[in-house]
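Here is the structure we will look at, set down as structure tokens.
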Amino acid sequence: MHSSLLKIILRAIITVPFWTQPLQAQDHGHLRIGATNTAEGTPLHFYNGPDFAAASGYIKTLVLTNGGPYSNYFNQNITFTVQAATAAYGGPEADAPALGSHIRAAILSVKGPIGGTFAFWETGATDPTVSLVSGETGTNSYDVTQTDGSPGVDPFGHIHGRRFTATKPGIYTVAFQAFDASTNGLNGGPIHAPSEIIEVSFQAGINIASLSKGSNGYSVMFGSMAGQNFWLESSINLNDPLGWIPIAGPVSGNDYFLSLPDTNSIGQLRLYRLKAADP
Numbered sequence: 056m057h058s059s060l061l062k063i064i065l066r067a068i069i070t071v072p073f074w075t076q077p078l079q080a081q082d083h084g085h086l087r088i089g090a091t092n093t094a095e096g097t098p099l100h101f102y103n104g105p106d107f108a109a110a111s112g113y114i115k116t117l118v119l120t121n122g123g124p125y126s127n128y129f130n131q132n133i134t135f136t137v138q139a140a141t142a143a144y145g146g147p148e149a150d151a152p153a154l155g156s157h158i159r160a161a162i163l164s165v166k167g168p169i170g171g172t173f174a175f176w177e178t179g180a181t182d183p184t185v186s187l188v189s190g191e192t193g194t195n196s197y198d199v200t201q202t203d204g205s206p207g208v209d210p211f212g213h214i215h216g217r218r219f220t221a222t223k224p225g226i227y228t229v230a231f232q233a234f235d236a237s238t239n240g241l242n243g244g245p246i247h248a249p250s251e252i253i254e255v256s257f258q259a260g261i262n263i264a265s266l267s268k269g270s271n272g273y274s275v276m277f278g279s280m281a282g283q284n285f286w287l288e289s290s291i292n293l294n295d296p297l298g299w300i301p302i303a304g305p306v307s308g309n310d311y312f313l314s315l316p317d318t319n320s321i322g323q324l325r326l327y328r329l330k331a332a333d334p
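Residue numbering for the sequence shown follows my numbering, starting at 56 and increasing by one per position.
See below:
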């Protein structure tokens with residue numbers, strides 16, 4: 056009874072005061088696309104995909120912006136890149152795709168809060184370039200290669216200034232796939248087969264993900280953000296703004312799901328919230 060009630064209340068009070076933040080000059084995180092070899096039909100792959108995959112515990116935080124083209128959106132970015140094949144683009148790098156391939160990334164599906172929309176924005180765009188509502192699937196894609204896909208041309212790509220956005224607070228799981236859109240392969244088809252599908256976790260704002268009960272109390276798991284310290288606070292009265300008491304932390308955020316414990320909650324009804332601040 057208490058566990059179910061706590062979960063319901065947790066969803067209602069996930070309010071963290073730093074949702075609105077200035078954007079950084081350079082976004083952290085590069086998800087790199089490559090291929091194990093350049094032979095015809097070799098699949099593309101996410102070179103460092105395990106570092107970003109939802110199964111790793113990684114989560115990218117999107118922060119609310121109150122001005123500019125992303126006003127009223129939660130936004131940030133993971134930069135998708137393609138391994139360079141030639142010295143002209145800083146290569147050759149390991150697992151660079153074949154010359155003449157042209158790599159695009161597709162957003163295949165979005166799972167997240169009901170009614171929430173997840174979107175990709177091209178550099179300089181004033182409206183979303185590709186978007187999906189939670190629960191939708193799609194095939195729309197965008198260039199990762201920044202060259203023209205001509206035969207023999209390096210498929211390298213490293214384009215900054217792009218954004219991912221979300222419209223509602225919550226945790227989003229987004230499925231991506233890389234594919235070769237060139238016509239330089241056999242019979243005018245692509246050189247490379249599509250990559251594996253990778254699911255990446257994003258959160259709009261800071262969110263409590265789960266509450267688990269153990270022998271010594273409860274553990275609250277949440278999506279953390281690098282550059283912030285986090286505390287867990289509890290109260291027994293949601294209507295008392297002065298009734299929140301720090302019970303665990305601080306812990307440094309690192310863009311992964313983290314947990315904070317409440318070791319004194321056995322037999323008590325508790326409300327929980329997170330507090331975040333600069334170190």
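A virtual CB, placed ideally from N, CA and C, is assigned to each residue, including glycine. Since this is a predicted model, take the numbers as computed values, not measurements.
In terms of CA proximity to Ala151, Ile246 leads the group Thr178, Tyr128, Ile246. Look at the stretch 188-220 and you find these whole runs of beta strand (DSSP E), each 3 residues long or longer: 196-198. By the CB criterion at 8 Å, Phe211 and Val137 fall inside the cutoff. Rounded to the nearest whole angstrom, the CA to CA distance from Phe285 to Phe129 is 20 Å. Across the set Ile252, Gly204, Ala259, Ala230, the C-alpha of Ala259 shows the shortest separation from the C-alpha of Pro224. Taking C-beta atoms as the reference points, Gly96 and His157 fail to come closer than 8 Å. Note that the C-beta distance between Ile114 and Ser256 is below 8 Å. The shortest C-alpha to C-alpha distance from Asp333 to any of Glu148, Arg87, Gln283, Asn319 is the one to Gln283.
The count of Cβ pairs closer than 8 Å, one atom from the stretch 168-187 and one from the stretch 287-295, stays below three, leaving the stretches out of contact. A check of alpha carbon separations from Gly123 across Asn319, Lys268, Gly179, Asn309 identifies Gly179 as the nearest. Taking the Cα of Ile162 as reference, the smallest distance to any Cα among Thr141, Tyr144, Thr184, Ala90 is reached at Thr184. Leu313 carries a strand assignment under DSSP once its states are collapsed to helix, strand and coil. Leu119 and Asn127 have their alpha carbons spaced roughly 6 Å apart.
For the stretch 113-162, not one full-length alpha helix (DSSP H) segment reaches 4 residues or more. Straight-line spacing of the CA atoms in Pro296 and Asp209 works out to 59 Å. Of the residues assessed, Thr194 falls on the exposed side of the cut-off, its CB having fewer than 16 other CB atoms within 10 angstroms. If you draw a 10 Å sphere on the C-beta of His215, you find fewer than 16 other C-beta atoms in it, and that means exposed.
Going by beta carbons, Phe277 and Leu241 fall outside the 8 Å limit. Shown here, Ala110 sits in a helix according to DSSP, grouped into three states. Rounded to the nearest angstrom, the gap between the Cα atoms of Leu266 and His100 is 35 Å. Annotated three-state conformation of Pro105 is helix, per DSSP.
With fewer than 16 other Cβ atoms from the protein chains shown falling within 10 Å of its own Cβ, Asn92 counts as exposed.
Using a 10 angstroms sphere on the CB of Asp235, the tally of other CB atoms reaches 16 or more, which defines it as buried. In the DSSP secondary-structure assignment, Lys166 is bridged to Thr228.
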